[in-house]
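Those letters in the sequence shown? Residues 78 to 255, per my numbering, in order.
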Amino acid sequence: WIGSLMIAAGLGVRWCARTLGFGQVAALVAAVAYQTSPYVLPYVSRTSVMLLPWAGLGWIVALTVRASRHRGWRDAAWIALVVLTVGAVNATALAMIVPAPVLWLLHTAWRGSVRWRDAALIAARVALLTVPVSLWWIAMLVIQGRWGAEVLPYSEALADVSLTANATEIWRSLGYWL
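The structure is reproduced here in structure tokens:
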């Protein structure tokens, strides 16, 4: 399982690097660096499923790059399928990878490679396709929030979350409290 996640993550970053125009060696180095990131370590245990959005990030960014170069719905549909595959585990984990494709679109629009209108259209296509395929778990979050047991006081108490909040982890904007 962990090996599959790491291979998926590495292949996604490698493809993303190649899509961005990196050479074979540079793309391989990027993939290996991403695969062996210390970010993985806290999740290797019983919470390894939280690595799914991490594994899908390279694929989503590469597909966003492709969507900014080609018109149409194909790449947006692929992004929706990747989000369907990696997104239902934890809404926060999914929200943590959303800035990457958004920043890519902003960057290309700012640079003038893509018109602002086209960047907005790409984002709208992705949202239009991603939200419906995510409704099944979004609905469950709403139901849990309204009528479910209050789990967070037990699983994410302040003492547990802040126990590992040392300066290094705060600076990296990452934590390993799990």
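We put the CB at the ideal spot given by N, CA and C, even for glycine.
*When you compare only the Cα positions, how much space is there between residue 199 and residue 163?*
Residue 199 sits at position 122 when you count from the first residue of the sequence shown. Residue 163 sits at position 86 when you count from the first residue of the sequence shown. Roughly 20 Å separates the two Cα atoms.
_Rounded separation between residue 105 and residue 94 - CA only_ = Reading the sequence shown from its first residue, position 28 is the one you call residue 105. Reading the sequence shown from its first residue, position 17 is the one you call residue 94. Spanning the two alpha carbons is a distance of roughly 9 Å.
*For residue 136, I'd like the list of residues in its chain whose CB is within less than 6 Å of its CB, leaving aside the five on either flank, ordered along the chain.*
The residue you call residue 136 lines up with position 59 of the sequence shown. Correct list, in chain order: 89 and 159.
*Return yes when the Cβ of residue 165 is within less than 7 Å of the Cβ of residue 132, no when it is not.*
Within the sequence shown, residue 132 is the residue found at index 55, counting from 1. Within the sequence shown, residue 165 is the residue found at index 88, counting from 1. For residue 132 and residue 165, no; Cβs fall outside 7 Å.
_Helix, strand or coil, according to DSSP, for residue 226 in the structure here?_
Residue 226 sits at position 149 when you count from the first residue of the sequence shown. DSSP places residue 226 in coil when its eight states are reduced to three.
*Member of 203, 169, 188 and 107 whose CA lies at the smallest distance from the CA of residue 149*: Position 72 of the sequence shown, counted from the start, is the residue given in the question as residue 149. For residue 149, the nearest C-alpha among the options comes from 203.
*What did DSSP end up calling residue 157 once you bin it into helix, strand or coil?*
As a first step, residue 157 must be located in the sequence shown, where it is residue number 80. Helix, per DSSP.
*Give the straight-line distance between the Cα atoms of residue 125 and residue 143, rounded to the nearest whole angstrom.*
Locating residue 125 in the sequence shown gives position 48, counting from the first residue. Locating residue 143 in the sequence shown gives position 66, counting from the first residue. Distance between the alpha carbons of residue 125 and residue 143: 29 Å.
*asked:* Relative to the C-alpha of residue 129, which candidate in 167, 109, 141 and 216 has its C-alpha closest?
replied: On the sequence shown, position 52 is the one that residue 129 refers to. Per the Cα distances, 167.
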